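Now the structure itself:
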């Protein structure tokens with residue numbers, strides 16, 4: 021969670037600076053992290069079963 025919090029703080033800084041390119045990149049990274057957090061529980065058990 022440390023990385024997500026850091027990215028969110030950087031996003032606030034980019035908003036205040038009106039740095040649109042940086043803001044877009046940070047939003048993309050935060051979105052990818054949240055997607056992985058939500059999607060991983062459904063994928064992880066299938067990956068473990070294939071290895072066994």
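Numbering (my numbering), first residue to last: 21 to 72. Built from N, CA and C at the ideal position, the CB exists for glycine as well. Every value quoted in this text rests on a predicted model; they were computed, and no experiment measured them.
Linking residue 27 to residue 50 through their CA atoms gives a straight-line distance of about 7 Å. Distance from the CA atom of residue 60 to the CA atom of residue 23, rounded to whole angstroms, is 17 Å. Taking the C-beta atoms as reference points, residue 29 is found no nearer than 7 Å to residue 46. Judged by DSSP in its simplified three-state form, residue 44 adopts helix.
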